[in-house]
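S.K.: The structure that follows is given in the form of structure tokens.
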Amino acid sequence: MSSSGAKMMIVDDEPDILLVTKMAIEMCGFSAETFHDPFQALEKFKTSPQDFSLVLTDIRMPKMDGIELARELMRVRADLPIVLMTAFNIEGAILTSLPMMKKDDVVKKPFNPSDLCSAVRVRLQKK
Amino acid sequence: MPHGFEGVPASNIIVPVIVVAVAIAASVTVYGYSTLIAENVSKTSSASVRTNAQVQAHDISRIFSSKVNDVLHNLQIIASTNTVKAGSIVSSTDLFASAQASTKGFTDTYFWIDKNGKLIWANAFSNPDTYKSFAGADRSDRSYYQVPKETNLPFVSAVIESVDGVPRIYYSYPIMTATASGGQEFAGVVVSASNLGNLGTTLKGELLSSPNSIGMMDNNGVVLYSDTKDLIGKSYLGPELQNALPAEVKEPFNSFLSQSLGGKEGSGDFTYLGNTTTIAYAPVSLSDRQFAVLYITAPHQLTIETAALLETQRNLSTLAIAMIGATAAGVSLLVLTWNRRLRVTVDKRTFELKQSNESLEDSIRQLADANAQLQSANEQLTLHDKLQKEFVNIAAHELRTPITPILVTMHLASLENADNSRMSLSREQYDMVVRNAKRLEKLAADILEVTRIESQRLELHKETINMNEKVRNVITDAKSFVPADKKVDIVFEPTKEPLMVNADRSKLFEVLSNLVRNSIRFVEDDGRVEVKLRKSDDGTAAIISVVDNGRGIAPEIMPRLFQKFTSSFEMGGTGLGLYISKAVVEAHGGTIWAENNRDGRGATFTFTLPLADTSGAKDPAQT
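Residue numbers (the numbering used here), protein chains in the order written: chain B, 4 to 130; chain W, 1142 to 1764.
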């Protein structure tokens, strides 16, 4: 399980999910910084956009949802790989909202950590 | 509802009234007109009768005069004949015969009296017996000899009863011969006479037969002719007749007679025993002799009959018109009655129709209402369906959310312990699994509760509860809910008097607990949550407030605060707590609301519960 040393940004309003996602990502060999508040995450990203190889964000969050956050992040860095997580069966709607995203860029909760790793890797390789 | 069952409009009553009035007016008019006609006809008829009577009287006068003049003319011829003048009887007998022949029927005889008053010839003398009896008879005392002898003028006598007892009128003409001195000398008279019976027959023959009477009298009032034969020859002015006559007949009759004898012509009416009779009178003047002709009409039959006829006609007309009026009135009343019945029927039908129409309209309205309700229900169903789908979607999401940490943790544990048959979990992993499993359990319970609420199957098992105790219980429970890394001060000041409510114990616990836990979630570290309890001003309800000094409620959230899944992700709950709390409070007859505190820090959730009726109840504080 090689690690590229790439650092992931994980955003989710659910602390437990944030925690287990971080654990899963670290198991894959990446490091991760977690944010339960999308605004804080956006602030952090703006200050150091190149620190993060990929952003993994939940979609349904208060204040700002994952799609909005994704748009804002890409505005800062257009080539930023983003993987979306959701407990909803709404990939179609997500893909419509974010035309540059592919079906593989959405991970459904609950997820198998191995699947999450694959998705993240695929997304990183695409870059 | 007004409809014309009672009464008929006045205009309908006017119709027969007018008809009857017109009929009465017509009757009166016709009656009056008939009376007028009757009077006119009567007058006309009277006038006609009178005129006719005068004409008749005049005719009789004229006929009589004519006949007498014929006789006088014959006498004149005889008297002026030379043979007569010469006193030659033998040569003159044919003259007398032809004269008698020419006035036969009117005259009895022609005869000759010499200058000394001796009867020297008569037609009857052709009979030798008569000649023997009468030849040379002295007639010098007779007026028909004396008057012409005196006057040398023709003479007409009054009625004279002859020697044979028959009343006669005598006509005489003087025979005048020339004297040597060239003068005239009385030489006797030629005479003729009318038997009054013959005279009457002649007159009657000249007149049209009629019911009217004719009377003739001479200047002495001796009746020459009468339809009543007994009167002929009698003196009308004599005491016998005058005494027999009633005054109302005698007076006008005598007046007419004296007029006539006075040479006047005219007419007049007299009424006897209710019958009007017209008498026309005319004079006959022959050689100074006055006669009176009276034409006496029968009682005015024509007038009477006409009047009677007109009376009958008038009465019949009046009756007919009265009957027409009555019939018209009857028909009008009948029509009116029918009309009224018809109106009542029509009104009834109209009323029924209106009613049925109204009920139809009602039905249509009800149908429309039902349709609207159906549509509304359908819309609500559609909305409900949509909300239900949304609820299911969100519920699914909410269920997956705690499952994710559990599953991911288990997967990770599995990967970490890939080589071991026994799997070990760190304390952190274990806590996470349990925590999320509990959350799942709570979520499942809440979803079931929501389902119960929405299908109206929420059951309350009410009992009297001491609120002070209940709040203490909730606070004790909630303290264990405060995260270890968070310091929250939970404050409660119990009321001095016990505040008893009638509520479902476990559900009240849920509501209060939910509000307190929410506040605990909301406050920052070192936060403060206070539960306040008081009685409402009107003393009917308990007011329970949970006040925190957290970050308050976002204005955009406020309207949806008590809706499902409004705030779950923000507050870490299931998102159903407030929704369920509201339903439970309202099921108890209370209300619930939330507001941000005026000092700008935190929010207050308040709900009310009706106070229990503690009169006569056992002390609930001991429960």
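Glycine is no exception: its CB is placed at the ideal position from the N, C-alpha and C atoms.
1. What beta strand (DSSP E) runs, 3 residues minimum, are completely inside the segment 1511-1540 of chain W?
2. Closer than 9 Å by beta-carbon distance: list the chain B residues that pair up with residue 1553 of chain W, in chain order.
3. If you measure from the beta carbon of residue 17 of chain B to each beta carbon in chain W, is any gap under 8 Å?
4. Closest by CA to residue 20 of chain B, which one among W:1542, W:1585, W:1739?
5. Alpha carbons only, please: which of W:1426, W:1700, W:1368, W:1433 is nearest the one belonging to residue 1396 of chain W?
6. Quick one: does residue 63 of chain B have its CB under 8 Å from some CB of chain W?
7. Taking the straight line between their C-alpha atoms, what separation do you get for residue 6 of chain B and residue 1627 of chain W?
8. Can you tell me whether residue 1744 of chain W is helix, strand or coil according to DSSP?
9. Using DSSP with H/G/I as helix, E/B as strand and the rest coil, what is residue 80 of chain B?
10. What does a CB cutoff of less than 6 Å around residue 1144 of chain W pick up in its chain, not counting 5 residues either side in sequence?
11. Where do the N-terminal and C-terminal ends of the beta strand (DSSP E) with residue 1679 of chain W fall, by residue?
12. Cβ closer than 9 Å: which chain B residues qualify as neighbours of residue 1573 of chain W?
13. Going along the chain, which unbroken runs of the beta strand (DSSP E) with 3 or more residues stay wholly within the segment 1637-1703 of chain W?
14. Please tell me whether residue 6 of chain B has its Cβ less than 8 Å away from any Cβ of chain W.
15. Could you tell me which of W:1457, W:1657, W:1159, W:1187 sits nearest to residue 1412 of chain W, measuring between CA atoms?
16. Let me check understanding here. Comparing Cα to Cα, which of B:113, B:119, B:87 lies closest to residue 105 of chain B?
17. Does the segment 1325-1342 of chain W come within contact of the segment 1356-1368 of chain W, defined as at least 3 CB pairs closer than 8 Å?
18. Please report the straight-line C-alpha distance between residue 1762 of chain W and residue 1639 of chain W, rounded to a whole angstrom.
19. Quick one: is residue 1525 of chain W buried, meaning 16 or more other Cβ sit within 10 Å of its Cβ, or exposed?
20. With DSSP collapsed to three states, give me the class of residue 111 of chain B.
21. Answer with buried or exposed for residue 1718 of chain W, where buried requires no fewer than 16 other C-beta atoms within 10 angstroms of its C-beta.
22. In three-state DSSP terms, what is residue 1438 of chain W?
23. Tell me which residues share the same chain as residue 69 of chain B and place their Cβ nearer than 8 Å to its Cβ, disregarding the 5 neighbours each side in the sequence.
24. Do the CB positions of residue 138 of chain B and residue 37 of chain B come within less than 8 Å of each other?
25. In the DSSP assignment, find the alpha helix (DSSP H) that holds residue 1329 of chain W and state where it starts and stops.
26. Return the bridge partner residues of residue 1432 of chain W from the DSSP annotation.
27. Which residues in chain W sit within 9 Å of residue 91 of chain B, going by Cβ to Cβ distance?
28. For chain B, is any of its Cβ atoms less than 8 Å away from the one on residue 1568 of chain W?
29. Could you give the uninterrupted runs of the alpha helix (DSSP H) lying entirely in the segment 1181-1218 of chain W, keeping only those of 4 residues or more?
30. Can you tell me whether residue 1763 of chain W is helix, strand or coil according to DSSP?
31. Straight-line CA distance for residue 28 of chain B to residue 1564 of chain W?
32. Sort out for me which residues DSSP pairs residue 1260 of chain W with in a bridge.
33. How long is the line joining the alpha carbons of residue 1407 of chain W and residue 1193 of chain W, rounded to whole angstroms?
34. Look at the Cβ atom of residue 1293 of chain W, then the Cβ atom of residue 1317 of chain W, and state whether they are nearer than 8 Å.
35. Tell me whether residue 1736 of chain W sits in a helix, a strand or coil according to DSSP, three-state version.
36. Evaluate residue 1611 of chain W with the Cβ neighbour count: other Cβ atoms within 10 Å of its Cβ, from every protein chain shown; 16 or more gives buried, anything less gives exposed.
M.R.: If we stick to the structure as given:
1. Entirely contained in the segment 1511-1540 of chain W, not one beta strand (DSSP E) run reaches 3 residues.
2. For the purposes of this step, residue 1553 of chain W is identified with residue 412 of the second sequence, where counting begins at 1. Ordered by position in chain B, the residues that pass the 9 Å Cβ test against residue 1553 of chain W are 23, 26, 27, 30, 116.
3. Reading the first sequence from its first residue, position 14 is the one you call residue 17 of chain B. Closer than 8 Å to some Cβ of chain W, the Cβ of residue 17 of chain B qualifies, so yes.
4. Position 17 of the first sequence holds residue 20 of chain B. Considering only alpha carbons, the answer is W:1542.
5. The count along the second sequence starts at 1 and reaches residue 1396 of chain W at position 255. Answer by Cα proximity: W:1433.
6. By 1-based counting over the first sequence, the position of residue 63 of chain B is 60. True, the Cβ-Cβ gap to chain W drops below 8 Å.
7. Along the first sequence, read from residue 1 onward, the residue named residue 6 of chain B stands at position 3. Along the second sequence, read from residue 1 onward, the residue named residue 1627 of chain W stands at position 486. A caution first: residue 6 of chain B carries a pLDDT of 46, below 50, which makes its placement in the model unreliable, though a value can still be read off. Residue 6 of chain B and residue 1627 of chain W have their C-alpha atoms some 36 Å from each other.
8. Mapped onto the second sequence, residue 1744 of chain W falls at position 603. Correct three-state label for residue 1744 of chain W: strand.
9. If you number the first sequence from 1, residue 80 of chain B lands on position 77. Note: residue 80 of chain B maps to coil in three-state DSSP.
10. Along the second sequence, one-based indexing puts residue 1144 of chain W at 3. The predicted position of residue 1144 of chain W is uncertain, since its pLDDT is 46 and thus under 50; a value taken from the coordinates is nonetheless stated next. So the list reads 1488, 1492, once near-sequence residues are dropped.
11. Here residue 1679 of chain W corresponds to residue number 538 of the second sequence, with the count starting at 1. That residue, residue 1679 of chain W, is in no beta strand (DSSP E); it is neither H nor E in DSSP.
12. Against the second sequence, residue 1573 of chain W aligns to sequence position 432. Here the neighbours are 19, 22, 23.
13. 1641-1645, 1668-1676, 1682-1689
14. Translated into the one-based positions of the first sequence, residue 6 of chain B becomes position 3. Because residue 6 of chain B sits at a pLDDT of 46, beneath the cut-off of 50, its placement in the model cannot be relied upon, and the following sentence gives the value as read from the coordinates. Closer than 8 Å: no.
15. To locate residue 1412 of chain W, count along the second sequence from 1; it is residue 271. Minimum Cα distance to residue 1412 of chain W is reached at W:1187.
16. The residue labelled residue 105 of chain B in the question sits at position 102 within the first sequence. Closest by C-alpha distance to residue 105 of chain B, out of B:113, B:119, B:87, is B:87.
17. yes
18. Within the second sequence, numbered from 1, the residue matching residue 1762 of chain W stands at position 621. Within the second sequence, numbered from 1, the residue matching residue 1639 of chain W stands at position 498. Model confidence at residue 1762 of chain W stands at a pLDDT of 46, short of 50, so the residue's coordinates are unreliable; what they give is reported in the following sentence. In a straight line, the C-alpha of residue 1762 of chain W is about 7 Å away from that of residue 1639 of chain W.
19. Taking the first residue of the second sequence as 1, we reach residue 1525 of chain W at position 384. Exposed, by the Cβ-count rule.
20. Position 108 of the first sequence, counted from the start, is the residue given in the question as residue 111 of chain B. Residue 111 of chain B falls in the strand class under three-state DSSP.
21. For the purposes of this step, residue 1718 of chain W is identified with residue 577 of the second sequence, where counting begins at 1. Its Cβ being crowded by 16 or more others within 10 Å, residue 1718 of chain W is buried.
22. Here residue 1438 of chain W corresponds to residue number 297 of the second sequence, with the count starting at 1. If DSSP states are grouped into helix, strand and coil, residue 1438 of chain W belongs with coil.
23. Counted from its first residue, the first sequence places residue 69 of chain B at position 66. 14, 41, 60, 61, 62, 63, 87, 88, 89.
24. Absent from the structure is residue 138 of chain B, since the part of chain B shown begins at 4 and ends at 130.
25. One-based indexing of the second sequence puts residue 1329 of chain W at position 188. Note, residue 1329 of chain W: premise wrong, no alpha helix (DSSP H); beta strand (DSSP E) at 1325-1336.
26. Looking up residue 1432 of chain W in the second sequence gives position 291. For residue 1432 of chain W, DSSP records a beta bridge to W:1359, W:1425.
27. Residue numbering aside, residue 91 of chain B sits at position 88 when the first sequence is read from its first letter. Within 9 Å Cβ-Cβ: 1534, 1535, 1537, 1538, 1541.
28. Position 427 of the second sequence, counted from the first residue, corresponds to residue 1568 of chain W. No, because no Cβ of chain B sits closer than 8 Å to the Cβ of residue 1568 of chain W.
29. none
30. Here residue 1763 of chain W corresponds to residue number 622 of the second sequence, with the count starting at 1. Caution applies to residue 1763 of chain W, whose pLDDT of 43 falls short of 50 and renders its modelled position unreliable; the value that the coordinates give is listed next. Of the three classes helix, strand and coil, the one that applies to residue 1763 of chain W here is helix, per DSSP.
31. Residue 28 of chain B sits at position 25 when you count from the first residue of the first sequence. Residue 1564 of chain W sits at position 423 when you count from the first residue of the second sequence. Their backbone Cα atoms lie some 21 Å apart in a straight line.
32. Locating residue 1260 of chain W in the second sequence gives position 119, where the first residue counts as 1. The beta-bridge partner set that DSSP reports for residue 1260 of chain W consists of W:1254.
33. As a working note, residue 1407 of chain W is residue 266 in the second sequence. As a working note, residue 1193 of chain W is residue 52 in the second sequence. When rounded, the distance between both Cα atoms is 11 Å.
34. The sequence position of residue 1293 of chain W within the second sequence is 152, counting from 1. The sequence position of residue 1317 of chain W within the second sequence is 176, counting from 1. Remark: C-beta atoms of residue 1293 of chain W and residue 1317 of chain W approach each other more closely than 8 Å.
35. Numbered from 1 along the second sequence, position 595 holds the residue referred to as residue 1736 of chain W. In this structure, residue 1736 of chain W counts as strand in the three-state DSSP scheme.
36. As a position in the second sequence, residue 1611 of chain W is number 470, starting the count at 1. Its Cβ being crowded by 16 or more others within 10 Å, residue 1611 of chain W is buried.
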